[in-house]
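Have a look at the structure below, then the notes.
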Amino acid sequence: MVRGAKPIMTETPNLNTEGYDISPEARANVAITTIDKIFNAGRRYSVWPMMFGLACCAIEMISAAAGRYDLARFGMEVLRPSPRQSDLMIVSGTVTKKMLPQIVRLYNQMPDPKYVMAMGACASGGGPFKEGYNVVSGVDKYIPVDVYVPGCPPTPQALLHGLMKIQEKIDTEKHFTNFRDRTKPIEPIPVPILGPDIIDPRDYETIKDGVKSGPLTTVIPAVE
1 MVRGAKPIMT ETPNLNTEGY DISPEARANV AITTIDKIFN AGRRYSVWPM
51 MFGLACCAIE MISAAAGRYD LARFGMEVLR PSPRQSDLMI VSGTVTKKML
101 PQIVRLYNQM PDPKYVMAMG ACASGGGPFK EGYNVVSGVD KYIPVDVYVP
151 GCPPTPQALL HGLMKIQEKI DTEKHFTNFR DRTKPIEPIP VPILGPDIID
201 PRDYETIKDG VKSGPLTTVI PAVE
């Protein structure tokens, strides 16, 4: 190193430390943060839920959006009737096999980043209809769920707590630092096919292998 020359800094200085030379005027008027935090701060207070309900849990969701509980405090008062303008899908109620393909189709139409909340026991795991012939035992078997709100039905306070959990998740996300990952194409979830039973297209290979293995060889004896 040449005598008298300033040393080359190999590490990025921490501007929040006392040892870094910042004028008192700048300290009083400048805040240091990241683009991710600014981006997430705007998104956490502008989450737009999709306007649709499935069963009795939807009544509690409507109550939470009314004046007594006031979703506007969280910036979520704009319930959108279109998936193209929605950030949050609240699955509020029993998911029947006839409704499931529509839910997956709506989820695929929502822009990223998007979130899903399973509201109530039926959406989370089937609830009292878990063994029913026409009820899906949890919507998370077909679309990813970010927050589960237990209850049958959950109270509006429980729904608000779930919405705050969504906000906490938004605060921890890094969209600009993970830009390369975001540029990868996102494959839509295959829409289940409604027939005698729900068929998930992702299980085609398993179904084919079962058919190739042949019919059942076990003989069930007749009841006398």
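Counting from 1, position 120 in the sequence shown corresponds to residue 120 in my numbering; the numbering is continuous, with no gaps.
Virtual Cβ for every residue (Gly too), placed ideally from N, Cα, C.
Everything numeric in this text was worked out from a predicted model, so none of it was measured.
Discussion item. Does L54 come out as helix, strand or coil in the three-state DSSP assignment?
Written reply: Taking the first residue of the sequence shown as 1, we reach residue 54 at position 54. L54: coil per DSSP, three-state reduction.
Practice prompt. Leaving out five residues on either side along the sequence, give the residues of the same chain with a beta carbon under 7 Å from the beta carbon of K137.
Written response: One-based indexing of the sequence shown puts residue 137 at position 137. Contrary to the premise, residue 137 reads as Ser rather than Lys in this sequence. Here the set comprises G125, G126 and K130.
Item to complete: In the DSSP assignment, find the unbroken alpha helix (DSSP H) run with I170 in it and report its ends.
Response: Here residue 170 corresponds to residue number 170 of the sequence shown, with the count starting at 1. Where I170 is concerned, the enclosing alpha helix (DSSP H) stretches over P156 to D171.
Worksheet item: Which two residues bound the contiguous beta strand (DSSP E) that contains S92?
Response: As a position in the sequence shown, residue 92 is number 92, starting the count at 1. Element bounds for S92: L88 to S92.
Worksheet item: Are three or more beta carbon pairs between the stretch 190-209 and the stretch 69-89 nearer than 8 Å?
Response: Contact fails: fewer than three Cβ-Cβ distances are below 8 Å.
Practice prompt. Indicate whether P228 and L88 have their beta-carbon atoms separated by less than 7 Å.
Written response: Absent from the model: residue 228. The displayed extent of the chain is 1 to 224, so no value can be given.
Worksheet item: Is the beta carbon of A58 less than 7 Å from the beta carbon of S82?
Response: As a position in the sequence shown, residue 58 is number 58, starting the count at 1. As a position in the sequence shown, residue 82 is number 82, starting the count at 1. Not closer than 7 Å, so no.
Worksheet item: How many Å lie between E224 and Y133 at the Cα?
Response: The sequence position of residue 224 within the sequence shown is 224, counting from 1. The sequence position of residue 133 within the sequence shown is 133, counting from 1. Note on E224: pLDDT 46, under 50, position unreliable in the model; no value is reported.
Discussion item. For a test of your reading of the model: does the CB of V191 fall under 6 Å from any non-hydrogen atom of the ligand FMN? Yes or no.
Written reply: As for the ligand FMN, it is missing from this structure, which has no ligand bound.
Worksheet item: Can you tell me whether K37 is buried or exposed, with buried defined as 16 or more other CB within 10 angstroms of its CB?
Response: Along the sequence shown, read from residue 1 onward, the residue named residue 37 stands at position 37. So K37 counts as exposed.
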